[in-house]
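See structure below.
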Amino acid sequence: MMKHSFVVAMVATVTAATAAGPALAGKATLNVVLVLDGLRPDSITEQETPHLWRLREEGVNFLNGHSVFPTVTRVNAAAIGSGVYPDRNGIFGNTLYVREVDANHSFGNDDHKNLLRLDAATGERMVLAKSLGEILAERGKTLAVVSSGSTGSALLVNPRAPKGTGVLVNAYWEPGVRVAFPDTVNDAILRRFPAAPPKGGAQDPYVEQVSWTERVLRDYVLPDLKPDVIVNWLTEPDHIQHAVGAGSAEARAAIRNDDREIGLVLDRLGELGLADKTNIIVVSDHGFGHGIFGVNVTNELMKAGLKLNADSDDVVIASSGQTMSLHIHDRDPERIGAIVRFLQQQNWVGVLFTAGKPDSSGVPVEGRVPGTFALELVHLENSERGPDIVFTFPWSSAKSFSGLSGLDYTEASTTGPLAGTAGNHGSMSPWTVRNTFIAWGADFKHGVTVRTPSSNVDLVPTLLALMNLEREADLGRFDGRPLREAFADGPDEEQVPIQVRTYFVKSADDDYRAALQLTELDSQRYIDKSWRIR
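What the sequence shown shows, in mature numbering (1 follows the signal peptide of the UniProt record, and there is no 0), is residues -19 to -1, 1 to 515, in sequence order.
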């Protein structure tokens, strides 16, 4: 019998923050989302990031922000661009397995070329949900995505940009030839700005690439294009943290550069007379941990006789760093069960997920295989594209070389302890789930701390509510909710009822146990963390 443990935090009795009814028309004419890739909330300090610090102190500081699981870039780019979870938008990790694209291998979605192949192979179903760019276009507004990140992550925020929806700027699409959509924007940038600095290797910070992109935002997108919504993606500190770790001198320097560039954007808004007419939301796509042990999952399955060879389609693995998705040929339940039982016996496995029990009422908690949670519980079940088994690697709250909490196991080329200071993310550790989340501007409260949960999946409905663009057709369209408790005319942020729940599962032989904590607000489930019980 599975045990449920409930911790309930309910304060007073008010209408929940997601209650029906339009907000007052916003004062802002511009909404800007700043995405700082991989920025941990504890990296913001008054000394090193004075502009981010000011936005957080003067605006709304969300203490309980959530990255979408798996806590990786492309999953969160798609969530930011659609307002729905992977089970509805079809982007399940930083690599994907789609048989129509490649029957034997997963593919990286950091490269826009792979995503365009996916789009062509599936009848323009790269992303399975309607995007923010499309919704805004239908309502007479324009989205501009301005990104120094990968071409794939930029495309997932505005997937229909190559087809004429909104604006997309990324200098690395086809350097010197194609740096933006539509053509008029591409031509203007190529004519008015010098070539963007090329991206180097893993150890090379991308601060110059960030600065080039921010210059295009300040000197062209803001004054000339005048979009209604801007999603501005800064690729650091993620890139350098993968190489040398969060909290390193190099990562701190990259974050300081981000902050300087954001300060220049704020100055530009003032010069354009937009400072008091702009809402700014600052998020990170995920947090960050420090890798201490690596696992080559393909080799481990082959050694156990559970996968024929690296190129076989009996088991295809799609990696998200600290979380692995396994696609089983024909979704064979016996093979799924055998692989799960093997994984439960490995010390390098954290928490496992399989399809929910068929007799479950409502959203299932337990998976069909004993000792697993349901994929549905964490928004990962999808018959068209979803995985059959998902598992995380273990984590702890111990401190890394830099004094930051969060040590993790992760995917690697060989199985064994890891040397060096490299970082990663993707797991259901609180240090990778918890993201930066700040709201500042004309339509937000001032100097407020919000403890209710928020998520990157909440951004689309929040933006539509701020712009007074909510429609009846939106009911049920989004998994996220408008974050009304942060609005200037919203409910008291300390009077929004939430429930924190912890669930437990165990294997048939009781040798494996795991726990998962989530927070509920109305019908939304925010995944806080999960861990193996030892």
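Glycine is no exception: its CB is placed at the ideal position from the N, C-alpha and C atoms.
Who does residue i pair with in a DSSP beta bridge?
i, result
"residue 495", "486, 513"
"residue 271", "388, 404"
"residue 434", "45"
"residue 507", "500"
"residue 28", "Beta-bridge pairing links residue 28 to no other residue."
"residue 372", "305, 333"
"residue 16", "214, 264"
"residue 476", "The partner list for residue 476 (beta bridge, DSSP) is empty, contrary to what the question assumes."
"residue 422", "260"
"residue 112", "Looking at the DSSP assignment, residue 112 forms no beta bridge with any residue, so it has no partner."
"residue 380", "386"
"residue 76", "89"
"residue 347", "354"
"residue 11", "259"
"residue 202", "None, per the DSSP bridge assignment."
What span of residues does the beta strand (DSSP E) with residue i cover, start to end?
i, result
"residue 392", "386 to 392"
"residue 308", "304 to 309"
"residue 180", "Unbroken run through residue 180: none, as it is neither H nor E."
"residue 396", "Careful: residue 396 lies outside any beta strand (DSSP E) and carries neither H nor E."
"residue 300", "296 to 300"
"residue 133", "Unbroken run through residue 133 is the alpha helix (DSSP H), 132 to 138; no beta strand (DSSP E)."
In chain order, what residues of the same chain have a beta carbon less than 7 angstroms from the beta carbon of residue i, not counting five sequence neighbours either side?
i, result
"residue 459", "64, 65, 441, 442"
"residue 409", "50, 332, 373, 508, 510, 511"
"residue 278", "298, 305, 392"
"residue 199", "245, 246, 249"
"residue 287", "296, 319, 320, 323"
"residue 499", "482, 506, 507, 508, 509"
"residue 427", "39, 40"
"residue 57", "48, 49, 266, 267, 437"
"residue 167", "159, 160, 161"
"residue 2", "Note on residue 2: pLDDT 42, under 50, position unreliable in the model; no value is reported."
"residue 98", "82"
Could you please give the first and the last residue of the uninterrupted alpha helix (DSSP H) stretch that includes residue i?
i, result
"residue 283", "278 to 284"
"residue 34", "31 to 39"
"residue 523", "In this structure the chain extends from -19 to 515, so residue 523 is not present and cannot be described."
"residue 236", "230 to 252"
"residue 318", "314 to 325"
"residue 193", "188 to 197"
"residue 221", "219 to 225"
"residue 128", "Careful: residue 128 lies outside any alpha helix (DSSP H), inside the beta strand (DSSP E) at 124 to 128."
"residue 85", "Residue 85 -> no alpha helix (DSSP H), and no H or E assigned at all."
"residue 52", "It is not in any alpha helix (DSSP H) - residue 52 carries neither H nor E in the DSSP assignment."
"residue 446", "440 to 447"
"residue 464", "Residue 464 -> no alpha helix (DSSP H), and no H or E assigned at all."
"residue 68", "67 to 70"
Compute the distance between the beta-carbons of residue i and residue j, then report whether it is under 8 angstroms.
i, j, result
"residue 93", "residue 247", "no"
"residue 268", "residue 412", "yes"
"residue 96", "residue 107", "yes"
"residue 53", "residue 265", "no"
"residue 183", "residue 152", "no"
"residue 439", "residue 462", "yes"
"residue 214", "residue 128", "yes"
"residue 8", "residue 423", "yes"
"residue 191", "residue 170", "no"
"residue 156", "residue 179", "yes"
"residue 307", "residue 369", "yes"
"residue 91", "residue 75", "yes"
"residue 112", "residue 140", "yes"
"residue 263", "residue 126", "no"
"residue 225", "residue 217", "no"
"residue 46", "residue 366", "no"
If you drop the 5 nearest sequence neighbours on each side, which residues of the same chain put their C-beta closer than 6 angstroms to that of residue i?
i, result
"residue 237", "29"
"residue -10", "Because residue -10 carries a pLDDT of 32, less than 50, the predicted location of this residue cannot be relied on, and no value is offered for it."
"residue -5", "Low per-residue confidence applies at residue -5: pLDDT is 33, beneath 50, and the placement is therefore not dependable, though the value from the model is reported in the following sentence. Cβ within range, chain order: n/a, list empty."
"residue 494", "487, 514"
"residue 378", "386"
"residue 220", "187"
"residue 497", "354, 484, 511"
"residue 395", "277"
"residue 110", "63, 65, 69, 70"
"residue 382", "402"
"residue 340", "none"
"residue 501", "480"
For residue i, which residues of its own chain have a beta-carbon under 8 angstroms away from its beta-carbon, when the five flanking residues on both sides are left out?
i, result
"residue 342", "none"
"residue 260", "7, 9, 11, 12, 13, 420, 421, 422, 423, 424, 425, 447"
"residue 291", "279, 283"
Which whole runs of the beta strand (DSSP E) in the segment 142 to 168 are 3 residues long or more, in chain order?
-> 148 to 155, 159 to 162
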